[in-house]
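Asker: Counting from 0, one number per residue, gives the positions in the sequence shown under numbering that gives the first Met the number 0.
Beta carbons are placed, not taken as given, at the ideal position from N, Cα and C, and that holds for glycine.
Take a look at the following structure, please.
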Amino acid sequence: MKFRQFFSWNYTGNEQRAAKYAEAGVTDVLVCNRKQYDLALKYGMRPYWKCFTPSVSIGLPPQVMSPDEEKYQEYISGKDLDRKLSGKERLKILHKRRIEKQHRYGGEAVVEIDTQSSKIGCFISDKDLKITGKQLDLLLKDAPDKAEGMALDFIGYTNHKGCYCKNCLAAYKKFLADSKLADTPESKGCFYRDRLAAYYNAVIDYIKSKRPDFKIIIHVYPDFRYDHLYGNRIKADYCGQTVAWYFKWNQKKIEKYTKFVIERAKDYYANVEGMPFIGLNADKNSSLGFKTPAEVEQELKIILAAGGRTLMVCNGSDIIKDGYWEVFRKYCGKK
Ligand SMILES: [Zn+2]
Numbered sequence: 000m001k002f003r004q005f006f007s008w009n010y011t012g013n014e015q016r017a018a019k020y021a022e023a024g025v026t027d028v029l030v031c032n033r034k035q036y037d038l039a040l041k042y043g044m045r046p047y048w049k050c051f052t053p054s055v056s057i058g059l060p061p062q063v064m065s066p067d068e069e070k071y072q073e074y075i076s077g078k079d080l081d082r083k084l085s086g087k088e089r090l091k092i093l094h095k096r097r098i099e100k101q102h103r104y105g106g107e108a109v110v111e112i113d114t115q116s117s118k119i120g121c122f123i124s125d126k127d128l129k130i131t132g133k134q135l136d137l138l139l140k141d142a143p144d145k146a147e148g149m150a151l152d153f154i155g156y157t158n159h160k161g162c163y164c165k166n167c168l169a170a171y172k173k174f175l176a177d178s179k180l181a182d183t184p185e186s187k188g189c190f191y192r193d194r195l196a197a198y199y200n201a202v203i204d205y206i207k208s209k210r211p212d213f214k215i216i217i218h219v220y221p222d223f224r225y226d227h228l229y230g231n232r233i234k235a236d237y238c239g240q241t242v243a244w245y246f247k248w249n250q251k252k253i254e255k256y257t258k259f260v261i262e263r264a265k266d267y268y269a270n271v272e273g274m275p276f277i278g279l280n281a282d283k284n285s286s287l288g289f290k291t292p293a294e295v296e297q298e299l300k301i302i303l304a305a306g307g308r309t310l311m312v313c314n315g316s317d318i319i320k321d322g323y324w325e326v327f328r329k330y331c332g333k334k
């Protein structure tokens, strides 16, 4: 039993590395420039031209969180730290703080307050994609003819729950009135989930109106607390949803999530192919979890046994590290 399709994020493409990715079984890959694109084609991997993210840097207003969430984010991102600290010293403190706060890097939170380390833009406020559309045009402008499609990432809420800016609160109030609902956690979950899916789908429609041949690949991230596996509401061609995060999950959870991601992929849209996503970090000293090659192998076996034949991995660069590369080659490689 092997995987037939394998997508890697963070692909670094010099000739030797591109060959290693291909041998590990990577079939689909994110490319950020022409050199990566050419190497992907040369080694038989389908290139996805760049990744769209609704970040503050494209001109979107930052999402607004509760005061406690703002405080948490300042702490884990080290806003208070002395600017004179070296990068190494700074990172050491950040790792310590993130371990102390059980920060999960956008994966399912294990404590009440957990946020992204930087703010995502308020995409709900971008009515008719005025700002988003400009950024998509920029990315599409130099997209090569043979690009397979485009990737989307970081579409979600900085605090995993919702945005509390004036626009969002007004829209939520209107939603409650229109649907005659009380202000409950369920209503909030429903509102913010539907806005997420609606934005994703508007972005996908926009890209396909310009490039009808494009396939869209996504990783549903950061986690949405009210509904972890809402990805099937998105009309992406390849929908990556987390079945094993960077921090180790138990076998039952990996099995259950894999089955859902695969079996329920077409609940809303017929074109969607579910892709089990696993988080991989090969650095023992990082606060971003750590898995040995044997643990990664165990996860791949569980996903295969649960029916998964497609796979998505980040950090992509760890796929080709010693020990891990051999595991991927065994379960994804063509030989
Ligand atoms: Zn907002």
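(1) With a Cβ-Cβ cutoff of 7 Å, do residue 279 and residue 209 count as a contact?
(2) Look at the Cβ atom of residue 72, then the Cβ atom of residue 131, and state whether they are nearer than 7 Å.
(3) On a CA-only basis, which of 320, 261, 325 and 265 is nearest residue 304? Give me that one, please.
(4) Please report how far the alpha carbon of residue 229 lies from the alpha carbon of residue 119, in whole angstroms.
(5) Report yes if the C-beta distance between residue 287 and residue 330 is below 7 Å; otherwise report no.
(6) Any contact between the region 77-86 and the region 183-196? By contact I mean 3 or more CB pairs, one from each, below 8 Å.
(7) Report whether the distance from the Cβ of residue 123 to the nearest heavy atom of ligand 1 is below 6 Å.
(8) Hey, is residue 158 close to ligand 1, as in C-beta under 6 Å from one of its heavy atoms?
(9) Please work out which residues of its chain come closer than 7 Å, Cβ to Cβ, to residue 112, disregarding the five sequence neighbours upstream and downstream, and give them in chain order.
(10) Helix, strand or coil: how does DSSP classify residue 128 here?
(11) Report yes if the C-beta distance between residue 190 and residue 174 is below 7 Å; otherwise report no.
(12) Give me the residue from 154, 241, 225 and 178 with the minimum Cα distance to residue 201.
(13) Taking Cβ to Cβ, would you say residue 152 is nearer than 7 Å to residue 50?
(14) Thinking just about the alpha-carbon of each residue, which of 281, 14, 197 and 290 is nearest to the one in residue 39?
(15) Would you give the residue range spanned by the alpha helix (DSSP H) that residue 315 belongs to?
(16) Answer with buried or exposed for residue 231, where buried requires no fewer than 16 other C-beta atoms within 10 angstroms of its C-beta.
Answerer: In brief:
(1) Taking the sequence shown and counting its residues from 1, the one referred to as residue 279 is at position 280. Taking the sequence shown and counting its residues from 1, the one referred to as residue 209 is at position 210. Residue 279 is not a Cβ neighbour of residue 209, given a cutoff of 7 Å.
(2) Counting from one through the sequence shown, the residue named residue 72 turns up at place 73. Counting from one through the sequence shown, the residue named residue 131 turns up at place 132. No.
(3) Residue 304 sits at position 305 when you count from the first residue of the sequence shown. Checked all of 320, 261, 325 and 265; the closest Cα to residue 304 is 261.
(4) What you label residue 229 is simply residue 230 of the sequence shown in a count that begins at 1. What you label residue 119 is simply residue 120 of the sequence shown in a count that begins at 1. Cα to Cα, the separation comes out at about 19 Å.
(5) Counting from one through the sequence shown, the residue named residue 287 turns up at place 288. Counting from one through the sequence shown, the residue named residue 330 turns up at place 331. Cβ atoms of residue 287 and residue 330: not closer than 7 Å.
(6) no
(7) For the purposes of this step, residue 123 is taken as residue 124 along the sequence shown, with counting starting at 1. True, at least one ligand heavy atom lies under 6 Å from that Cβ.
(8) Numbered from its first residue, the sequence shown carries residue 158 at position 159. No, since every heavy atom of ligand 1 falls outside the 6 Å radius drawn around the Cβ of residue 158.
(9) The count along the sequence shown starts at 1 and reaches residue 112 at position 113. 67, 68 and 71, listed in sequence order.
(10) The residue given as residue 128 occupies position 129 in the sequence shown. DSSP places residue 128 in helix when its eight states are reduced to three.
(11) Taking the first residue of the sequence shown as 1, we reach residue 190 at position 191. Taking the first residue of the sequence shown as 1, we reach residue 174 at position 175. Closer than 7 Å, so yes.
(12) Counting from one through the sequence shown, the residue named residue 201 turns up at place 202. Here the closest residue by C-alpha is 154.
(13) The residue labelled residue 152 in the question sits at position 153 within the sequence shown. The residue labelled residue 50 in the question sits at position 51 within the sequence shown. Yes, Cβ-Cβ distance for residue 152 and residue 50 is below 7 Å.
(14) The sequence position of residue 39 within the sequence shown is 40, counting from 1. With distances taken between Cα atoms, residue 39 lies closest to 14.
(15) Within the sequence shown, the letter at position 316 stands for residue 315. Residue 315 -> alpha helix (DSSP H) spans 315-318.
(16) Against the sequence shown, residue 231 aligns to sequence position 232. With 16 or more other Cβ atoms within 10 Å, it is buried.
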